[in-house]
Amino acid sequence: MDRLASIILNLDRRIIYFIVFLCVLIPLLHPLQLPFTPTQEVRDAFNDIEALEPGNVVMISCDFGPSTIPENYTMLQALLHQCFRKDLRVIALTLVPAGAALGSRGLREAAEFEDTQGNRLYPDLEYGRDYVYLGYKPGGTAVMLSIGQSFTDAFPRDHENRVTSDLPIFKEITALADCSYIFDVASVGYPEYWVSYASERENVPLSVNCTAVSAAQYYPYYASRQFRGLVGGMKGAAEYEDLVGMEAIIGRIPDATKGMDAQSAVHLFIVLAIIIANILYIRQGRQEQRPEVIS
Amino acid sequence: MSVATLLGIWIAAALTFMIFSFLYKDNPVYKLGEHIFLGISLGYGWCIYYWNDIFSNAIAPLVYPEEGDARNWILIIPIVLGAFILLRVIPRFAWLSRYSFALLIAGYAGLAVPNEIAGRFLPQLVATMAPFGPTWVHAVTQLVLLVGVFCTVVFFFFSLEHRGAVGQIGRVGVVFIMVAFGAAFGYTVMARVSLLIGRFQFLLYDWIGSMTG
Numbered sequence: 114m115d116r117l118a119s120i121i122l123n124l125d126r127r128i129i130y131f132i133v134f135l136c137v138l139i140p141l142l143h144p145l146q147l148p149f150t151p152t153q154e155v156r157d158a159f160n161d162i163e164a165l166e167p168g169n170v171v172m173i174s175c176d177f178g179p180s181t182i183p184e185n186y187t188m189l190q191a192l193l194h195q196c197f198r199k200d201l202r203v204i205a206l207t208l209v210p211a212g213a214a215l216g217s218r219g220l221r222e223a224a225e226f227e228d229t230q231g232n233r234l235y236p237d238l239e240y241g242r243d244y245v246y247l248g249y250k251p252g253g254t255a256v257m258l259s260i261g262q263s264f265t266d267a268f269p270r271d272h273e274n275r276v277t278s279d280l281p282i283f284k285e286i287t288a289l290a291d292c293s294y295i296f297d298v299a300s301v302g303y304p305e306y307w308v309s310y311a312s313e314r315e316n317v318p319l320s321v322n323c324t325a326v327s328a329a330q331y332y333p334y335y336a337s338r339q340f341r342g343l344v345g346g347m348k349g350a351a352e353y354e355d356l357v358g359m360e361a362i363i364g365r366i367p368d369a370t371k372g373m374d375a376q377s378a379v380h381l382f383i384v385l386a387i388i389i390a391n392i393l394y395i396r397q398g399r400q401e402q403r404p405e406v407i408s
Numbered sequence: 307m308s309v310a311t312l313l314g315i316w317i318a319a320a321l322t323f324m325i326f327s328f329l330y331k332d333n334p335v336y337k338l339g340e341h342i343f344l345g346i347s348l349g350y351g352w353c354i355y356y357w358n359d360i361f362s363n364a365i366a367p368l369v370y371p372e373e374g375d376a377r378n379w380i381l382i383i384p385i386v387l388g389a390f391i392l393l394r395v396i397p398r399f400a401w402l403s404r405y406s407f408a409l410l411i412a413g414y415a416g417l418a419v420p421n422e423i424a425g426r427f428l429p430q431l432v433a434t435m436a437p438f439g440p441t442w443v444h445a446v447t448q449l450v451l452l453v454g455v456f457c458t459v460v461f462f463f464f465s466l467e468h469r470g471a472v473g474q475i476g477r478v479g480v481v482f483i484m485v486a487f488g489a490a491f492g493y494t495v496m497a498r499v500s501l502l503i504g505r506f507q508f509l510l511y512d513w514i515g516s517m518t519g
């Protein structure tokens, strides 16, 4: 027993990596489809968007880079499909340089999505009238304040260098206050700034999809209802995909949902490893403290 | 699938394996992957900053104004102030950067103070002091929140020695801080595992998928 304890407590870290590797790989190859229930934080965000009227504008800030695609991009897709399905208009932008191309790709992918027969899912969508991508603008909070006054002044040209004042959507929507909702899809610390520099100032409700790393620090904002909804990490994205019904829309299991089995398997392994290691550690400590018997 | 997309997938897969090789041990292949990543990130960042910031906000309105627009000469002032910041590398002229920083700090403080107080500080205070109820679950949650905030603030109050009642309250504060750290760490583990899953999904569905069709 002592020998086994010693082996486990001094296990080579590469063996642990290998077990984590298997915990991820096996569920991805053979999905278990473990059930999960959407949490209230995610339901709140979803229900708010569902409650909007056709033609309302949702402003989406794609504040994430390639490193958090599994957590943010999947959520962006689910959110965009929900908006387009409900005939909501979308104004998207990014405050992160690395997000410039991802936001563009995400919007184009959802707007031009084709079903398995090759038919466009949203054939009536028109760029500039129903959705627009403004691209990246440096300045962070300065940009938030600036779009509070005028979208076209803050972004004279969109991501593909079109003059924004010529786009039909901006004939009606001049500033952030004309939008019905703000959704920040973020891997960086911008959600807090969207609260103070945009949502509270312009009185536009805000929901956030953040990486799991940031989720814990954002719960006070959800508790104070400054975030109407909070979609944390890949798990939150999977719950949102479930609520939107992404599997039926795209005709396959969406990425975040597909990753949940692997997530559960790794979490189970980590919990077991923590319990076993702590039991053995405490046991070893007691043995070291025990006084030696003098014979 | 176009040749360019296929090539991109293979390069991304190769770079993923180069970085993963660090899990076995530090090695030259990992170092190469790391340096490629740094170089590309810097190059990409520089291009984005140049075209979206320096060119579109400073150079274009001065040198290539829109048709019908006059040259925006006032931009020379922020451009000069920006150049002053760069002068920090020359000790003889470093003092000029103070004017730029003074303006930057004053402007940002002027923007931040009212917005942060009205947008974050006061609403968070109001939420902390919300009435108990309507159900007993909400009441208990609110009480825990209130006790947690009070004890944690006491722990960070250093003008009184942490002995007696203050020490006891501070110790309760530490428990709340530890719970917060635990929650944050749990979420961090979840986030890192999510990123690993994302890489595996790429390798399985995109990379191997590109080979199997």
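From first to last, the protein sequence lines are chains A and B.
When the first sequence is numbered by the numbering used here, its final residue is 408 and no position is left out of the sequence of numbers.
When the second sequence is numbered by the numbering used here, its final residue is 519 and no position is left out of the sequence of numbers.
A virtual CB, placed ideally from N, CA and C, is assigned to each residue, including glycine.
Check the Cβ of residue i against every Cβ in chain B and list those closer than 9 Å, keeping chain order.
{"i": "P251(A)", "result": "I354, Y355, N358, D359 and N363"}
{"i": "Q376(A)", "result": "M496, V499, S500 and I503"}
{"i": "E184(A)", "result": "A497, S500, L501 and G504"}
{"i": "R314(A)", "result": "N421, A424 and G425"}
Can you find the residues in the same chain that come closer than 6 Å, C-beta to C-beta, to residue i, ignoring five residues on each side of it along the sequence?
{"i": "F429(A)", "result": "Only positions 114 to 408 of chain A appear in this structure, which leaves residue 429(A) out of reach."}
{"i": "L138(A)", "result": "none"}
{"i": "A378(A)", "result": "C136 and P140"}
{"i": "Y294(A)", "result": "V171 and P318"}
{"i": "A213(A)", "result": "T207, G248 and Y249"}
{"i": "I162(A)", "result": "Q195"}
Quick one: what's got a C-beta closer than 8 Å to residue i's C-beta in the same chain, skipping five residues either side?
{"i": "L220(A)", "result": "L193, V203, A205, Y244 and Y246"}
{"i": "L402(B)", "result": "F390 and L393"}
{"i": "S408(A)", "result": "Model confidence at S408(A) stands at a pLDDT of 47, short of 50, so the residue's coordinates are unreliable and nothing is read from them."}
{"i": "P371(B)", "result": "R377 and N378"}
{"i": "F159(A)", "result": "P151, Q195, G342, Y353, L356 and V357"}
{"i": "A386(A)", "result": "I129"}
{"i": "Y306(A)", "result": "G253, T254 and M257"}
{"i": "G372(A)", "result": "L141, P183, M347 and A351"}
Counting only the same chain and skipping the five closest in sequence on each side, list residues whose C-beta sits under 7 Å from that of residue i.
{"i": "A364(B)", "result": "L381 and I385"}
{"i": "F197(A)", "result": "A223, A224, Y235 and L238"}
{"i": "V472(B)", "result": "V460 and L466"}
{"i": "I389(A)", "result": "I121"}
{"i": "L409(B)", "result": "L387"}
{"i": "A267(A)", "result": "K250, V256, S259 and I260"}
{"i": "G488(B)", "result": "none"}
{"i": "A319(B)", "result": "L509 and W513"}
{"i": "W479(B)", "result": "A small correction: the amino acid at residue 479(B) is Gly; Trp does not occupy that position in the sequence shown. The answer, listed in chain order, is C457, T458, V460 and F461."}
{"i": "Y331(A)", "result": "P304, V321, C323, F340 and L343"}
Under 8 Å by Cβ, that's how I've got residue i and residue j pegged, so tell me the actual separation to the nearest angstrom.
{"i": "L393(A)", "j": "P151(A)", "result": "With a Cβ gap of about 38 Å, L393(A) and P151(A) do not count as contacting."}
{"i": "S300(A)", "j": "G178(A)", "result": "6 Å"}
{"i": "G425(B)", "j": "R156(A)", "result": "About 25 Å; that fails the 8 Å criterion."}
{"i": "D374(A)", "j": "Q146(A)", "result": "7 Å"}
{"i": "A325(A)", "j": "E184(A)", "result": "7 Å"}
{"i": "S312(A)", "j": "T287(A)", "result": "In fact, because the Cβ distance is near 18 Å, the residues do not count as touching under 8 Å."}
{"i": "D271(A)", "j": "D176(A)", "result": "Contact flag wrong, Cβ pair sits at about 18 Å."}
{"i": "A328(A)", "j": "A433(B)", "result": "Contact flag wrong, Cβ pair sits at about 18 Å."}
{"i": "L201(A)", "j": "L142(A)", "result": "Rounded, the Cβ-Cβ distance is 37 Å, inconsistent with contact."}
Which residue or residues does DSSP assign as beta-bridge partners of residue i?
{"i": "L343(A)", "result": "V321(A)"}
{"i": "V335(B)", "result": "DSSP lists no partner for V335(B)."}
{"i": "Y249(A)", "result": "T207(A)"}
{"i": "Y240(A)", "result": "Y244(A)"}
{"i": "V276(A)", "result": "R270(A)"}
{"i": "E227(A)", "result": "R233(A)"}
Listing by chain order, which chain A residues have their CB less than 7 Å from the CB of residue i?
{"i": "E373(B)", "result": "Within chain A, no residue comes near E373(B); the closest Cβ sits about 10 Å away, beyond 7 Å."}
{"i": "G351(B)", "result": "P210"}
{"i": "P384(B)", "result": "Chain A residues near P384(B): none, gap ~12 Å exceeds 7 Å."}
In chain A, which residues lie with their C-beta within 8 Å of the C-beta of residue i?
{"i": "L348(B)", "result": "Going along chain A, no residue has its Cβ under 8 Å from L348(B), so there is no contact; the nearest lies around 11 Å."}
{"i": "E340(B)", "result": "Those do not exist, as E340(B) stays about 14 Å from chain A at its closest Cβ, beyond 8 Å."}
{"i": "A486(B)", "result": "A329"}
{"i": "A489(B)", "result": "A329"}
Quick one: which chain A residues come within Cβ less than 9 Å of residue i?
{"i": "L417(B)", "result": "T254, A255, L258 and Y310"}
{"i": "P437(B)", "result": "Simply none; closest approach about 14 Å."}
{"i": "L510(B)", "result": "L138, L141 and L142"}
{"i": "Y330(B)", "result": "R127 and Y130"}
Under 7 Å Cβ-Cβ, which residues of chain B neighbour residue i?
{"i": "V326(A)", "result": "Y493, T494 and A497"}
{"i": "D368(A)", "result": "Q507"}
Could you list which residues in chain B have their beta carbon closer than 8 Å to that of residue i, in chain order?
{"i": "P333(A)", "result": "Q430 and A433"}
Following a CB-centred definition, is residue i positioned closer than 7 Å to any heavy atom of the ligand FAD?
{"i": "V472(B)", "result": "What this structure holds is no ligand at all, so the ligand FAD is not there to describe."}
Ranges of the beta strand (DSSP E) found wholly within the region 288-338 of chain A, counting only runs of at least 3: Complete beta strand (DSSP E) runs here, min 3: 294-299 and 319-323.
Can you check the region 425-452 of chain B for any beta strand (DSSP E) of at least 3 residues that lies completely inside it and give the ranges in chain order? If only uninterrupted beta strand (DSSP E) runs of at least 3 residues are considered, none is enclosed by the region 425-452 of chain B.
Which ranges does the beta strand (DSSP E) cover as unbroken runs of at least 3 residues, wholly within the region 142-206 of chain A, from first to last along the chain? Runs of the beta strand (DSSP E) lying entirely within the region 142-206 of chain A, each at least 3 residues long, are 170-176 in chain order.
My parser needs the beta strand (DSSP E) runs of 3 or more residues fully inside the region 313-372 of chain B; what are they? Counting only runs of 3 or more, we get nothing.
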